[in-house]
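Chemist:
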Amino acid sequence: MAVDLLLGLQWGDEGKGKIVDVLTKDYDIIARFQGGPNAGHTLEFDGIKHVLRTIPSGIFHDKAMNVIGNGVVIDPVVFVKELEGLDKFKIDYKAKLILSRKAHLILPTHRLLDAASEAAKGKAKIGSTLKGIGPTYMDKTGRNGIRIGDLELDSWKEKYRNLADKHEAMISFYNVDVQYDLDEMEVEFFEAIERLKELTFIDSEEYFHKAIKAGKTILAEGAQGSLLDVDFGTYPFVTSSNTTAAGACTGLGIAPNQVKEVHGIFKAYTTRVGSGPFPTELFDETGAEMAKVGHEFGAVTGRPRRCGWLDLVALKYACQVNGVTQLNMMKGDVLSGFKTLKVCTAYKYKGETISHLPYNIEPENVTPVYTEFPCWKEDLTKMSNPSQFPKELNAYIDFLEKELEIPIKIVSVGPDRKQTINR
Ligand code: GDP
Ligand code: IMO
Ligand code: MG
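Read in order, the letters of the sequence shown are residues 1146 to 1568 in the working numbering.
(1) Specify, as a first and last residue, the run of the alpha helix (DSSP H) that Glu-1430 falls within.
(2) Can Asp-1429 and Pro-1513 be called in contact, C-beta distance under 9 Å?
(3) When you measure from the CB of Gly-1443 to every non-hydrogen atom of the ligand GDP, does any distance come out below 8 Å?
(4) Looking only at its chain, what residues have a beta carbon closer than 7 Å to the beta carbon of Ala-1242, apart from the 5 residues adjacent to it on each side?
(5) With a threshold of 6 Å on Cβ separation, who are the neighbours of Thr-1254 within its own chain once the five nearest residues in sequence on each side are excluded?
(6) Tell me the rounded alpha-carbon separation between Tyr-1492 and Ser-1500.
(7) What's the C-alpha gap between Leu-1197 and Lys-1495?
(8) So, helix, strand or coil for His-1391, using DSSP?
(9) Could you tell me the distance, in whole angstroms, from the CA atom of Leu-1538 to the CA atom of Cys-1520?
(10) CB of Glu-1548 to nearest heavy atom of the ligand IMO: below 8 Å?
(11) Just verifying my parser: in three-state terms, what is the DSSP assignment at Phe-1518?
(12) Check whether chain B comes within 9 Å of Ile-1316, counting only Cβ atoms and requiring the distance to be less than that.
(13) Contact check, Gln-1471 vs Ile-1551 under 8 Å by CB: the rounded distance?
(14) Hey, how far is the Cα of Leu-1372 from the Cα of Gly-1160?
(15) Please determine, among Met-1330, Gly-1290, Lys-1412, the residue with the shortest C-alpha to C-alpha distance to Ala-1248.
(16) On the CB-based measure, 16 or more other CB atoms within 10 Å of its CB, does Pro-1221 come out buried or exposed?
(17) Which runs of the beta strand (DSSP E) fall wholly inside the stretch 1220-1288 and span at least 3 residues, in chain order?
(18) Secondary structure at Val-1479, three-state DSSP: helix, strand or coil?
(19) Name, in chain order, the residues that DSSP records as bridge partners for Phe-1346.
(20) Check the DSSP bridge columns for Thr-1381 and list the partner residues they point to.
(21) Could you check where the alpha helix (DSSP H) with Asn-1307 kicks off and where it finishes?
(22) Rounded to whole angstroms, how far is the Cβ of Val-1217 from the Cβ of Val-1404, which I believe are closer than 8 Å?
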């Protein structure tokens, strides 16, 4: 068995990019399996910060191959900008970045449809990153999409035109004010397609089958988080793909019995960007302090992230759905010096106290029940060994491990690659 998964357990931005980069030295292949440029995965090393959108976070290592799987949706325009960002660092992406023929393309009109759909929703908007994710997955499941492999066929431009025309009719149906110049967008799009075609396209399920047979090690890198999963998240305030463990199987063509370790990653507190319920959200100075110290601004949109206490009800649910075998706790350093810490261990829900995630977690239905902890005062960012951890941090970790019944194997104490402590 050779496939491990790394999955965000909250509403995204847990620090997946950082940990994938840290773990890459132990793997032959790093693979993205869902989502697209709605993701923003941050890596920091040698004093430089990199934000990856569609490209797997193993790309800065010499050895590992990086695969974009069939479950991913690719915007050629964003993708090419990402490649240009790598050029500065002399990354040989033509040799170590390969794309599944079955991955779907985000067209310029998918982005416009996303904008029109959100505008039409008014106050009920999802808070989408507006990268065209929802409309592209709709065309995929509606069996209208254009895939990377289509670019090798002569007929693809005809298919493109038909679909783009249909999208334009749909945009006008929304009857909202979306300004655009499609001709201009298409120039950029077709140029980017030519750059994309310089990369290697593969039959990725065959590639993975052979890699597994040859004993190669594979790490599947999740995007978003479990609470944004289209089936298991806070629907409809979710993304349009399966961000959970099962999504790695369908998004790469890997059988469930090939999966071994499932790394679940969470922040020591909780954040969310975009709309939707968030039971432990803080609207006070403590929440503002988390946002300030944690630099909680979206890596893609720059929007402020909403902040709140750790929600164990939601975290347990995510661990169950994913079959998490080991945990990584991120950003404990942000909480240093807080007066007290709170962890939500149950919900008061329609007159009852419950410890599972119910169908509806709208604020009017849910009141969090908290357990309080004294917080550590020490600066964690310079620590390199668990023996240096303050007793309050150890107590927090012990409590979470006991509640979740899963070991916390990595504690991250800063954004840099080096600020990573194994337990
Ligand atoms: P991802 O989408 O899961 O890859 O996470 P993002 O990159 O969107 O957001 C995580 C942010 O936290 C980035 O700015 C990281 O550089 C930063 N980060 C990651 N781990 C830590 C940590 O342990 N401490 C601090 N202070 N920042 C961290
Ligand atoms: P990473 O991989 C945080 C959120 C958006 C919005 C909802 C739907 O960096 O953790 P979409 O663009 O998919 O239609 O948006 O999901 N969202 C994310 N939030 N991190 C992400 O990715 C996200 N990708 C999407 O804010 O609420
Ligand atoms: Mg992110």
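Just so you know, even glycine gets a beta-carbon here, dropped at the ideal spot from N, CA and C.
Modeler: Short version:
(1) 1430-1438
(2) no
(3) yes
(4) Looking at the sequence itself, residue 1242 is Leu, so the reference to Ala does not match. Within the same chain, Leu-1242 has close Cβ partners Ile-1200, Ile-1204, Asn-1211, Leu-1344.
(5) Ala-1309, His-1312
(6) 6 Å
(7) 42 Å
(8) Per the sequence shown, the amino acid found at residue 1391 is Ala instead of His. Three-state result, Ala-1391: helix.
(9) 7 Å
(10) no
(11) strand
(12) The structure shown contains no chain B, having only a single protein chain.
(13) 7 Å
(14) 15 Å
(15) Gly-1290
(16) buried
(17) 1242-1245
(18) helix
(19) Leu-1244
(20) Going by the sequence as given, residue 1381 is Pro instead of Thr. Pro-1381 pairs with nothing; no bridge assigned.
(21) 1301-1319
(22) Not quite, the Cβ-Cβ distance comes to about 18 Å (not below 8 Å), so this is no contact.
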